[in-house]
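Enquirer:
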Amino acid sequence: GKDSVVTKIVISDGITRIGTNTFTRTYNLNEIDASNCSTLQEIGGSAFKQQSGSTPNNTQNPKIINFSGCVNLTTIEGQAFQDCKGIEELDISRTKLKASYITTASAGFGSGKDTLKIIRANGCTNDFSKLDFNGWKNLKTLELSGCTNLSTLSNVPNNVTSLDISDCTKLT
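Numbering-wise (the numbering used here), the sequence shown opens with residue 151 and increments by one.
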């Protein structure tokens, strides 16, 4: 299809699943905002995948991903954000996602290790037992307040200047 000029996608209540290859070739996309979508449960594989090798030069998309209102979000299928370059801010606060969605490349966020500056996962109570940030060289802010199942936090980069682990009751 044609390349999109969309810069922001707002996902509202009523949507339960973003299907595979739904928003491909959105090269000018700056922000994905689902902060008011409590019904979203699943993001399909390659939902926001950019076509590797055909991405226009200097593309930086998206910079901000906000799923903070997606209280029923449990699944991001493999490579949902594959080849998205320049993700700087990820907010998965109050979702039901597992920590592995942040720290592995399975959902594509792992490729953000080079660009992510802010991670917000406040109030995540699902399987957030272990987080390992080895190699996250640009991470500046890490907000994990209220992650009641977080018991281990390792390899927090020296460049993190703001760390909120308040109310992480299992963290020792």
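Backbone N, C-alpha and C fix where the C-beta goes; we use that ideal spot for every residue, glycine too.
For Ser112, is the classification buried or exposed, using 16 other Cβ atoms within 10 angstroms of its Cβ as the cut-off for buried?
Expert: In the structure displayed, the chain extends from 151 to 322; residue 112 sits before or after that span and is not available.
Enquirer: Determine the direct distance from the alpha carbon of Ile215 to that of Asn288, and round the result to whole angstroms.
Expert: 17 angstroms
Enquirer: How is the beta strand (DSSP E) around Asn216 delimited, first residue to last?
Expert: 214–216
Enquirer: Ordered along the chain, which non-local residues of its own chain (more than five positions away) have a Cβ less than 6 angstroms from that of Thr319?
Expert: Thr298
Enquirer: Who are the near neighbours of Leu266 in its chain, counting only those whose CB is closer than 7 angstroms to its CB and skipping five residues on each side?
Expert: Ile237, Glu238, Leu240, Trp286, Asn288, Leu289
Enquirer: Kindly list the residues whose CB is nearer than 6 angstroms to the CB of Val160, restricted to its own chain and excluding five residues on each side of it in sequence; keep chain order.
Expert: Asp183
Enquirer: Thinking Phe198 and Phe231 are a contact (beta carbons under 8 angstroms), I'd like their distance in whole angstroms, please.
Expert: About 5 angstroms separates the beta carbon of Phe198 from that of Phe231, a gap short enough to meet the 8 angstroms contact definition.
Enquirer: Take Thr311 and list the residues in its own chain whose beta-carbon comes closer than 6 angstroms to its own, dropping the five residues that flank it on each side.
Expert: So the list reads Lys290, once near-sequence residues are dropped.
Enquirer: Starting from the C-beta of Ser185, find all residues in its chain whose C-beta is less than 7 angstroms away, skip the five residues before and the five after it, and write them out in chain order.
Expert: Contacts found: Asn216, Ser218, Gly219.
Enquirer: Using the beta-carbon count (16 or more within 10 Å), is Ile193 buried or exposed?
Expert: Burial state of Ile193 is buried, judged by a 10 Å Cβ sphere holding 16 or more other Cβ atoms.
Enquirer: For Leu164, is the classification buried or exposed, using 16 other Cβ atoms within 10 angstroms of its Cβ as the cut-off for buried?
Expert: Note that residue 164 is Gly in the sequence shown, not Leu. Result: exposed.
Enquirer: Since Glu192 sits in a beta bridge, which residues does DSSP pair it with?
Expert: Beta-bridge analysis with DSSP links Glu192 to Arg167, Thr225.
Enquirer: Using the Cβ count rule (16 or more neighbours within 10 Å means buried), how would you classify Val243?
Expert: Contrary to the premise, residue 243 reads as Ser rather than Val in this sequence. Ser243 comes out buried.
Enquirer: Which complete beta strand (DSSP E) runs does the region 286–320 hold, if anything under 3 residues is left out?
Expert: 291–293, 302–304, 312–314
Enquirer: Near Asn208, which residues of its chain fall below 6 angstroms by C-beta distance, leaving aside the five closest residues on each side in sequence?
Expert: With a pLDDT of only 47 at Asn208, under 50, the local geometry of the prediction cannot be trusted, and no value is derived from it.
Enquirer: Just verifying my parser: in three-state terms, what is the DSSP assignment at Val160?
Expert: strand
Enquirer: Under the rule that 16 or more other beta-carbon atoms within 10 Å means buried, what is Ser196, buried or exposed?
Expert: Answer is buried; the Cβ neighbour count reaches 16.
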